[in-house]
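S.K.: First the structure, which I've put down as structure tokens, then a few questions once you've had a look.
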Amino acid sequence: MSIQISIAERAQKWLTDFFDPDTKQEIRELLQQNPEELQDRFYKTLEFGTGGMRGIMGAGTNRINKYTLGKSTQGLSSYLKTTFGNEGLKVVIAYDCRHNSQSLARTVAEVFSANGIQVFLFSELRTTPELSFAVRHLGCHAGVVLTASHNPPEYNGYKVYWQDGGQIVPPEDGEIIAAIDRLDYEDILFDAQPERITEIDTEVDEAFMEASVKNGSFGVPGKENLSIVFTSLHGTSVTAIPEVLRRAGYHNVTQIAEQAVPDGAFPTVKSPNPEEPEALKLALAKGAEIDADIVIGTDPDSDRLGIAVKNEAGVLELLNGNQTMVLMTRFLLDQHRKKGFEGNEFIATTIVSTPMMQSLADAFAVECKTSLTGFKWIAKMIRDFPDQYFIGGGEESFGYMVGDFVRDKDAVTASLLACEIAAWAKARGSSFYRELLGCYVAYGCYRERLVSLTKKGMDGATQISNMMKGFRESPLKTLDGSPVIRIDDYQNGTSKNPENGKTTEIKLPNSNVLIYTTADGTRLAARPSGTEPKIKFYISVRGSIASETEYEGEKQALESKIDRVLEDLKLEE
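When you number the sequence shown by the numbering used here, it's gap-free, plus one each residue, and the end is 585.
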């Protein structure tokens, strides 16, 4: 009963004169008619996760609205002043195609301006990588993008970038959250100073596209012979990718017209997520119709991309993020090796991505740095190691970053890079897919699978917490019959050998991730999502092949092995 009273009291605070009439009416209706919905909206306050603050839109502390974003912006404004002083503070703001993104971006700009901060606000929707680029290009102290990435239409979000162009990381993130938590909603300054808000567009667009072409082009032959199908899935990439491809010399590009218009309802797909084959259904059909060499689709804010290429049977096959990441990195390493390595190069990946990245780094004698999940950690590597040269890096969730001119996953430049690889391979009688098989021969035949369980609401959060607790307190001893030889618990920062009990320190920030590794190289990672009501399981297995012709048989054997690992987990929906 006490929790109901607490939630009702929280809701009542949203009926004061500070809140607008529409918000108050929404809360009154929930108090009178829908206590379960009221509980979900007020049982917690939205927090920053691996991708910032993201949630369902609506009134309440556990929702995205002008007040939750306003409070975050007020806290960020205070932190900027504390960190840099009052003079000359600048921020840049972008927004995607989602419902309310434009109006919420305007609200955020007004709060910054009311705090005496100069604001550069994109006049229309733009990609997340362009926002990251714009932070440094305009000499800003911070940046904000209004997006919920690939979440369903009812979601929106708020990602904060620091002056290096990367998303906020420790200690800034915790200090910003502390600044936000010290505030009441009534502390938000909504009275805008319009003279401090400047709209931006073409000048930054030109600089960003020029940098994308420079970093993603390698003078490969055969561009005129490459047939490309591209879809923006109703998102922002339509503002950049077609023009970047054109400038790089790719003119045989077919767009999916019904998905080229930005639309936050995403009317032609169940989910605007290029990780899911259904999202690229129209593009794949068009690709098959015109015999395209490559199909590319991006998520709403254009930081993730899905790629389909012709397999050995000539059929378009959707690759996963690990596969595209490996081949992109191998291609970049080849290009840089031609120029000559200087000995300070590194590539980057994350703890839940394919171990093949380390095998690749070993083969090229460069360093592979491994971070926690999220590109903010890869961006932090660039900041933390200024004397080293970042070649490229990615994560399994269909994100890649080429060089350091953008400090977040970047589907714009990565799309161009994918076309460069496809054109180069085709010109030499090979293909994107065959080059990937060559990687499996040279560096090990890896196979990965991601399994996500959705657990919504307060009860779902408890279930996820209990699942992680169970894996820690009653750890698995074997996976598919192979003994577990290492348990990496990133929450307490220890790596343990369960056979002898010996532990070593993990030198990464604490994170709620648990990874089992077995004697035969099988790896299982369990991780609650920081931005969605999900718990995710990442499975990686390894085999070997002596030639490309052995791949299909080995792939089936590895898929069967993954099935057996899942049986060991005994997961329940």
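Cβ atoms here follow ideal geometry from the backbone N, Cα and C, with glycine treated the same way. Predicted model only: the values in this text are computed from it and were never measured.
So what's alanine 538 in DSSP terms, helix, strand or just coil?
M.R.: As a working mapping, residue 538 is identified with position 526 in the sequence shown. In this structure, alanine 538 counts as strand in the three-state DSSP scheme.
S.K.: For proline 33, count neighbouring C-beta atoms within 10 Å of its own C-beta (all shown protein chains included) and say buried if the count is 16 or more, exposed if not.
M.R.: For this step, residue 33 is matched to residue 21 along the sequence shown. Exposed.
S.K.: Given a cut-off of 8 Å on the beta-carbon distance, is the pair aspartate 311 and proline 284 in contact?
M.R.: Translated into the one-based positions of the sequence shown, residue 311 becomes position 299. Translated into the one-based positions of the sequence shown, residue 284 becomes position 272. A contact, by the Cβ cut-off of 8 Å.
S.K.: Whose C-alpha, out of Glu211, Phe417 and Ile394, is nearest the C-alpha of glutamate 136?
M.R.: Looking up residue 136 in the sequence shown gives position 124. Cα-wise, what sits closest to glutamate 136 is Glu211.
S.K.: Report back the beta-carbon spacing between isoleucine 319 and isoleucine 240 to the nearest angstrom; my notes put them in contact at under 8 Å.
M.R.: Locating residue 319 in the sequence shown gives position 307, where the first residue counts as 1. Locating residue 240 in the sequence shown gives position 228, where the first residue counts as 1. Isoleucine 319 to isoleucine 240, Cβ: 11 Å. No contact.
S.K.: Report the rounded CA-to-CA distance for alanine 277 versus isoleucine 68, giving the unit in angstroms.
M.R.: By one-based count along the sequence shown, residue 277 stands at place 265. By one-based count along the sequence shown, residue 68 stands at place 56. Rounded to the nearest whole angstrom, the CA to CA distance from alanine 277 to isoleucine 68 is 14 Å.
S.K.: Measuring CB to CB, does asparagine 127 end up less than 8 Å from serine 84?
M.R.: Along the sequence shown, read from residue 1 onward, the residue named residue 127 stands at position 115. Along the sequence shown, read from residue 1 onward, the residue named residue 84 stands at position 72. No.
S.K.: Please say whether serine 249 and alanine 423 have beta carbons closer to each other than 8 Å?
M.R.: On the sequence shown, residue 423 is found 411 positions in, with the first residue counted as 1. On the sequence shown, residue 249 is found 237 positions in, with the first residue counted as 1. Taking 8 Å as the Cβ cut-off, alanine 423 and serine 249 qualify as a contacting pair.
S.K.: Give every residue of the same chain whose Cβ lies closer than 6 Å to the Cβ of methionine 13, excluding the five residues on either side of it in the sequence, and list them in chain order.
M.R.: Looking up residue 13 in the sequence shown gives position 1. Residue placement at methionine 13 is flagged as unreliable, the pLDDT there being 36, under the threshold of 50; a coordinate-derived value is accordingly withheld.
S.K.: Going by C-alpha distance, which of Thr366, Asp346 and Pro367 is nearest glutamate 357?
M.R.: As a working mapping, residue 357 is identified with position 345 in the sequence shown. For glutamate 357, the nearest C-alpha among the options comes from Asp346.
S.K.: Which full runs of the alpha helix (DSSP H) of 4+ residues lie inside the stretch 338-409, going along the chain?
M.R.: 368-376 and 387-396
S.K.: Below 6 Å CB to CB, which residues in the same chain sit around glycine 51 once its five sequence neighbours on both sides are set aside?
M.R.: For the purposes of this step, residue 51 is taken as residue 39 along the sequence shown, with counting starting at 1. Looking at the sequence itself, residue 51 is glutamine, so the reference to glycine does not match. Around glutamine 51: Ile19.
S.K.: Would you kindly check if the distance between the Cβ of glycine 82 and the Cβ of valine 123 is under 8 Å?
M.R.: As a working mapping, residue 123 is identified with position 111 in the sequence shown. As a working mapping, residue 82 is identified with position 70 in the sequence shown. Yes. Within cutoff.
S.K.: Is glutamine 24 helix, strand or coil when you go by DSSP?
M.R.: Within the sequence shown, residue 24 is the residue found at index 12, counting from 1. If DSSP states are grouped into helix, strand and coil, glutamine 24 belongs with the helices.
S.K.: Quick check on the burial criterion: 16 or more other C-beta atoms within 10 angstroms. Buried or exposed for aspartate 213?
M.R.: Your numbering for residue 213 matches position 201 in the sequence shown. Aspartate 213 should be labelled exposed.
S.K.: Whose C-beta lies closer than 6 Å to the C-beta of glycine 234 among residues of the same chain, with five residues either side of it excluded?
M.R.: Position 222 of the sequence shown, counting from 1, holds the residue named residue 234. Excluding residues within five positions, the ones whose Cβ falls inside 6 Å are Ala435, Lys438 and Ala439.
S.K.: Just confirm the distance between the C-beta atoms of histidine 153 and leucine 101, as a whole number of angstroms; I'd bet it's less than 8 Å.
M.R.: Here residue 153 is taken as the residue at index 141 of the sequence shown, counted from 1. Here residue 101 is taken as the residue at index 89 of the sequence shown, counted from 1. Their Cβ separation, rounded to whole angstroms, is 6 Å, which keeps histidine 153 and leucine 101 in contact under 8 Å.
S.K.: Extract the residue ranges of the beta strand (DSSP E) inside the stretch 256-344, only unbroken runs of 3 or more that lie entirely within it.
M.R.: Taken in chain order, the whole beta strand (DSSP E) runs of length 3 or more contained in the stretch 256-344 are 265-267, 306-310, 317-322 and 328-330.
S.K.: Quick one: complete beta strand (DSSP E) runs, 3+ long, within the stretch 210-254?
M.R.: 240-243
S.K.: How is the beta strand (DSSP E) around glutamate 485 delimited, first residue to last?
M.R.: On the sequence shown, residue 485 is found 473 positions in, with the first residue counted as 1. That residue, glutamate 485, is in no beta strand (DSSP E); its alpha helix (DSSP H) goes 469-485.
S.K.: Any chance you could list the alpha helix (DSSP H) runs of at least 4 consecutive residues sitting entirely within the stretch 93-117, in chain order?
M.R.: Within the stretch 93-117, no complete alpha helix (DSSP H) run reaches 4 residues.
S.K.: So, under 8 Å CB-CB, proline 540 and asparagine 524 are touching, yes? Tell me the CB distance rounded to an integer number of Å.
M.R.: Here residue 540 corresponds to residue number 528 of the sequence shown, with the count starting at 1. Here residue 524 corresponds to residue number 512 of the sequence shown, with the count starting at 1. Sure, about 6 Å apart at Cβ, within 8 Å.
S.K.: Counting beta carbon pairs with one atom in the stretch 251-268 and one in the stretch 290-304, are three or more of them shorter than 8 Å?
M.R.: yes
S.K.: Cysteine 431 lies in the alpha helix (DSSP H); which residues open and close that run?
M.R.: Numbered from its first residue, the sequence shown carries residue 431 at position 419. Taken as a continuous stretch (DSSP letters only), the alpha helix (DSSP H) holding cysteine 431 covers 423-439.
S.K.: Just to confirm my understanding: we take asparagine 98, look at its own chain, exclude 5 residues before and 5 after, and list those with CB closer than 8 Å. What are they?
M.R.: Taking the sequence shown and counting its residues from 1, the one referred to as residue 98 is at position 86. Here the set comprises Gly128.
S.K.: What residue from Ala160, Glu560 and Val321 has the CA that sits closest to tyrosine 170's CA?
M.R.: Taking the first residue of the sequence shown as position 1, residue 170 is located at position 158. Considering only alpha carbons, the answer is Ala160.
S.K.: Pick out whichever of Glu287, Arg53 and Phe402 has its Cα sitting closest to the Cα of valine 463.
M.R.: Here residue 463 refers to the residue found at position 451 of the sequence shown. Between valine 463 and the set Glu287, Arg53 and Phe402, the nearest pair of CA atoms involves Glu287.
S.K.: Going by CA-CA distance only, name the one from Gly231, Leu42, Phe549 and Tyr79 that's closest to glutamate 460.
M.R.: For this step, residue 460 is matched to residue 448 along the sequence shown. Per the Cα distances, Phe549.
S.K.: In chain order, what residues of the same chain have a beta carbon less than 8 Å from the beta carbon of histidine 149, not counting five sequence neighbours either side?
M.R.: Walking along the sequence shown from the start, residue 149 turns up at place 137. Val216, Ala219 and Phe220.
S.K.: Determine whether the beta carbon atoms of glycine 333 and glycine 406 lie at a separation below 8 Å.
M.R.: Here residue 333 refers to the residue found at position 321 when the sequence shown is read from its first residue. Here residue 406 refers to the residue found at position 394 when the sequence shown is read from its first residue. In this structure, glycine 406 lies closer than 8 Å to glycine 333 by Cβ.
S.K.: Looking at the secondary structure, which residues open and close the alpha helix (DSSP H) in which glycine 67 lies?
M.R.: Here residue 67 corresponds to residue number 55 of the sequence shown, with the count starting at 1. Premise fails: glycine 67 lies in the beta strand (DSSP E), 65-68, not in any alpha helix (DSSP H).
S.K.: Could you tell me which residues DSSP puts in a beta bridge with glutamate 500?
M.R.: Position 488 of the sequence shown, counted from the first residue, corresponds to residue 500. The amino acid at residue 500 is misidentified as glutamate; the sequence shows aspartate. According to DSSP, aspartate 500 bridges with Ser507 and Ile527.
S.K.: Taking buried to mean at least 16 other C-beta atoms within 10 Å of its own C-beta, is lysine 467 buried or exposed?
M.R.: By one-based count along the sequence shown, residue 467 stands at place 455. In the assembly as shown, lysine 467 is a buried residue. Its beta-carbon has 16 or more other beta-carbons within 10 Å.
S.K.: According to DSSP, what are the bridge partners of glutamine 179?
M.R.: The residue you call residue 179 lines up with position 167 of the sequence shown. Partner(s): Tyr173.
S.K.: Can you grab the Cα-Cα spacing for the pair lysine 226 / serine 572, in whole Å?
M.R.: Counted from its first residue, the sequence shown places residue 226 at position 214. Counted from its first residue, the sequence shown places residue 572 at position 560. C-alpha separation (whole angstroms): 43 Å.
S.K.: Report all residues from its chain with a CB closer than 6 Å to the CB of valine 338; omit the five preceding and five following residues, and keep chain order.
M.R.: Counting from one through the sequence shown, the residue named residue 338 turns up at place 326. So the list reads Met368 and Cys451, once near-sequence residues are dropped.
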